[in-house]
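*Asks:* Please read through the structure below; I'll follow up with questions.
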Amino acid sequence: MDKKEEQVKNIDIDRLAKRIKQLRLEKGHVNYETFAIENGISRSQYWRYEKGEDLRFSSLMRVIRALKVSPEEFFSEGFD
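In terms of the UniProt record's numbering, the sequence shown opens at residue 1 and continues consecutively.
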């Protein structure tokens with residue numbers, strides 16, 4: 001992967017992280033740890049998702065379901 005592709009990948013991961021956190025807060029879950037525990041997601045892994053570490057598609061779908069939104073709704077904001 002060249003430098004430009006790596007930069008685009010990082011921007012996309014950052015957008016995912018911001019959207020995950022935004023939706024969690026909008027749904028009234030102030031504490032990420034409590035949200036993760038209540039939804040059967042490792043606290044440390046969930047923290048990494050919100051901080052912008054790369055994640056697998058299956059993990060992203062698990063988080064989207066836990067946020068109780070559709071993939072379409074999830075990607076409706078913050079992505080060009």
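Glycine included, C-beta positions come from ideal geometry on N, C-alpha and C.
Every value quoted in this text rests on a predicted model; they were computed, and no experiment measured them.
Tell whether a beta-carbon distance below 8 Å holds between residue 64 and residue 57.
*Replies:* Here residue 64 refers to the residue found at position 64 when the sequence shown is read from its first residue. Here residue 57 refers to the residue found at position 57 when the sequence shown is read from its first residue. Against a cut-off of 8 Å, the Cβ pair of residue 57 and residue 64 comes out as no contact.
*Asks:* Tell me where the alpha helix (DSSP H) around residue 57 begins and ends.
*Replies:* Numbered from its first residue, the sequence shown carries residue 57 at position 57. Taken as a continuous stretch (DSSP letters only), the alpha helix (DSSP H) holding residue 57 covers 57-66.
*Asks:* Quick one, are the C-beta atoms of residue 48 and residue 33 less than 8 Å apart?
*Replies:* Within the sequence shown, numbered from 1, the residue matching residue 48 stands at position 48. Within the sequence shown, numbered from 1, the residue matching residue 33 stands at position 33. Contact flag unset, no.
*Asks:* Exposed or buried, residue 79, counting other C-beta atoms within 10 Å across all chains shown (16 or more means buried)?
*Replies:* Walking along the sequence shown from the start, residue 79 turns up at place 79. Exposed.
*Asks:* Starting from residue 26, trace the alpha helix (DSSP H) both ways and give me its first and last residue.
*Replies:* Stepping through the sequence shown from its first residue, residue 26 is reached at position 26. Run containing residue 26: 3-26, per the alpha helix (DSSP H) assignment.
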